[in-house]
Amino acid sequence: MGAIYILWLRELKRYVRSRVQIVVSLGQPCLYLLALGFGLGPVFRQAGHGSYLQFMAPGVVGMTVLFSSVFSGIAMLWDRQFGFLKETLVAPVSRMQIMVGRTLGGATVAVIQGTLILIICLIAGFRPHSSVAIPLAFLFVVLIAVVFAALGTAIGSIIQDMQGFQLVMNFLVMPIFFLSGALFPLVNLGVVMSVITRLDPLSYGVDGLRGALIQSWQFSLAFDVALLAAIGAVFLSAGAYLFSRIEA
Amino acid sequence: MISVQNLVKSFGDFTAVKDITFEVAQGEIFAFLGPNGAGKTTTIKMLTTLLRPTSGRIELDGLDPMVRQKQARQRFGIVFQDPSLDSEQTAWENMDLHGVLYHVPRKLRASRTEELLRTFELWDRKDDYVKTFSGGMKRRLEIARGFLHTPKILFLDEPTLGLDPQSRNQLWTHVKRLNETERTTVFLTTHYMDEADRVAHRIAIMDHGSIVAQGTSTELKEQTGTDSLEDAFLALTGSSLRDEGADAKAAMRQVAKMWRR
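Chains A and X are the protein sequences, given in the same order. In this text, residue positions in the first sequence follow this note's numbering: the first is 625, and each later residue adds one. In this text, residue positions in the second sequence follow this note's numbering: the first is -5, and each later residue adds one.
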């Protein structure tokens, strides 16, 4: 337990100490919120769907949590490069504990980021349907964070260099975001798009957030929670397996 | 304390370590010398559970490090060839994290951290981030950290690489003192013959994956009929440059990389 705690704490310390990075990582979602939220707002309204800001704010929260959690897992690349990873790999604790500590740390940071963006959304004019929506939304933030922090750890255990990192960002993380329904409703899509969006784990996270915050469900509460929990379990196992196979 | 028999490690069709056998007694300082790519680091990696041997037997304090991995890891400390500190944390936090990972009780952790940081002259910088440290300070911190959990064996893989003579000198003084006071067995590799000559009780010379000679510094000199360890080393390993050594190492990394995927 001590090992899990100290590695979790390390991730948190790293986050709190890099103020510049906090600002940078909040900048991107703010840009989406501003450019798309206000830019596409009039078109969306004309199409008869109401306020686009209301619609996309949960998506932007989901995006923030996605990026932050995947990134924290991939940050293992830096630990590999700067050698700290080895220090933990030769320690007399199981790889499982090290992996869980790191992953939970990354997930916690992602939850904090998501919460900050939610606050920014509230300031920008986003209004959840009631105050009970917040705890439920928080549950989904946690689920998304765990799912993608585990995915990040799994990927971080495999890739060796910065090129690999770019590959993952462009061909995995960006598609996960764009095809999740964070920016557009998952209705009246073609067959191919429907299938793809339903294969995207983030779709259920965004749906859960949107359902919790503005009571607009594509799927259902129970379905989203169950599916995310299941995917989380699969990714955690995969992450643990791949992490246990790292050789320094 | 360390017992190695017929140890072999191959990566694909490249054999990095070819059937080596040696013993290190408790409290001994044992140096591994060899040109680049001789297989020193690969050997250390196998001794410290980071690589699985292709064949052969290793015993650390009577334990097979591959079978009883955690118990074996608890018994040794290691300072890697390249740095392994968390530069975004302070010296104190690095020590503390290590202590937690090695199950050192809280009170002992604090007192021993203070003692070691004072020994290695880092106490007044304990709350500074490691990223602000000089190369020598980082090395000292890593070695202090390696001693934190009172290991029975300390592995030092080229610990003085890139340090100025003052730092090197000071570092070995501390290591020697801890070897004497705590009876820690020290296993080191280095390129500096004078260091091995000064610090090590016994020396093994490795080349192309095999141990070509071992014994005390005096024995090695007598065996080769030379009057300095450096001459003895050159007599045993030849004076050709090891460009192919670097290639072999790179090739090995390449194979290891593929193998890991």
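For glycine and all other residues, C-beta sits at the position ideal for the given N, C-alpha and C.
Asked                                                                                                            : Found
Every unbroken alpha helix (DSSP H) inside the region 3 to 45 of chain X [4 residues or more]                    : 34 to 41
Buried or exposed by the 16-neighbour rule on C-beta atoms within 10 Å, applied to Gln645(A)                     : exposed
Beta-carbon neighbours of Val717(A), restricted to chain X and to distances below 7 Å                            : Leu95
CA-to-CA distance, Phe127(X) to Phe873(A), given in whole angstroms                                              : Because chain A spans 625 through 872 in this model, residue 873(A) falls outside it and cannot be assessed.
Straight-line Cα distance separating Ile743(A) from Glu87(X)                                                     : 32 Å
Buried/exposed call for Ile137(X), threshold 16 Cβ in 10 Å                                                       : buried
Cross-chain neighbours of Thr42(X) in chain B, by beta carbon under 8 Å                                          : No chain B is part of this structure, whose protein chains are labelled A and X.
Proximity test, Cβ basis, 8 Å: Met(-5)(X) and chain A                                                            : no
Integer-rounded CB distance, given that Lys710(A) should sit under 8 Å from Phe74(X)                             : 6 Å
Residue-level contact to chain A via CB, Pro77(X), 8 Å cutoff                                                    : yes
Beta-carbon neighbours of Ala627(A), restricted to chain X and to distances below 7 Å                            : Val94 and Leu95
Secondary structure of Ala774(A), DSSP reduced to three states                                                   : helix
Between the CA atoms of Arg106(X) and Asp118(X) - distance to the nearest angstrom                               : 15 Å
Per-residue contacts from Gln68(X) into chain A (C-beta, under 8 Å)                                              : Pro716
Alpha-carbon to alpha-carbon, Ser818(A) and Ile779(A)                                                            : 26 Å
Cβ of Phe708(A) within 8 Å of any chain X Cβ                                                                     : yes
Coil, strand or helix - Ala625(A) by DSSP                                                                        : Note that residue 625(A) corresponds to Met in the displayed sequence, not to Ala. If DSSP states are grouped into helix, strand and coil, Met625(A) belongs with coil.
Below-8 Å beta-carbon distance, Lys101(X) vs any chain A residue                                                 : no
Three-pair Cβ contact test at 8 Å for the region 821 to 840 of chain A versus the region 789 to 808 of chain A   : yes
Cα-Cα separation, Ser754(A) to Val816(A)                                                                         : 35 Å
CB contact check: Arg634(A) to chain X, cutoff 8 Å                                                               : yes
Short CB-CB distance (under 8 Å) between Phe74(X) and chain A                                                    : yes
Three or more C-beta pairs below 8 Å linking the region 57 to 67 of chain X and the region 678 to 694 of chain A : no
Cα-Cα separation between Arg855(A) and Pro825(A), rounded to whole angstroms                                     : Arg is not the amino acid found at residue 855(A); the sequence shown has Ile there. Rounded to the nearest angstrom, the two C-alpha atoms are 7 Å apart.
Leu845(A) to Thr777(A) span [Cα, whole Å]                                                                        : 27 Å
For Phe867(A), the first and last residue of its enclosing alpha helix (DSSP H)                                  : Leu845 to Ser868
Cβ-Cβ distance between Val797(A) and Ala769(A) below 8 Å                                                         : no
Where Pro29(X) falls, given that 16 or more other Cβ within 10 Å makes a residue buried                          : buried
Ile630(A): contacting residues in chain X (beta-carbon distance under 8 Å)                                       : Asp90, Leu91, Val94 and Leu95
The region 10 to 21 of chain X / the region 200 to 211 of chain X touching (three or more Cβ pairs under 8 Å)    : yes
Test: Arg641(A) CB closer than 8 Å to a CB of chain X                                                            : yes
Outcome for Asp121(X) when other beta-carbon atoms lying within 10 angstroms are tallied against a minimum of 16 : exposed
Cβ of Arg874(A) within 8 Å of any chain X Cβ                                                                     : Absent from the model: residue 874(A). The displayed extent of chain A is 625 to 872, so no value can be given.
Straight-line Cα distance separating Pro77(X) from Gly130(X)                                                     : 11 Å
Through-space distance from Arg643(A) to Val765(A), alpha-carbon basis                                           : 22 Å
Separation of Gly140(X) from Gly663(A), as counted between CA atoms                                              : 57 Å
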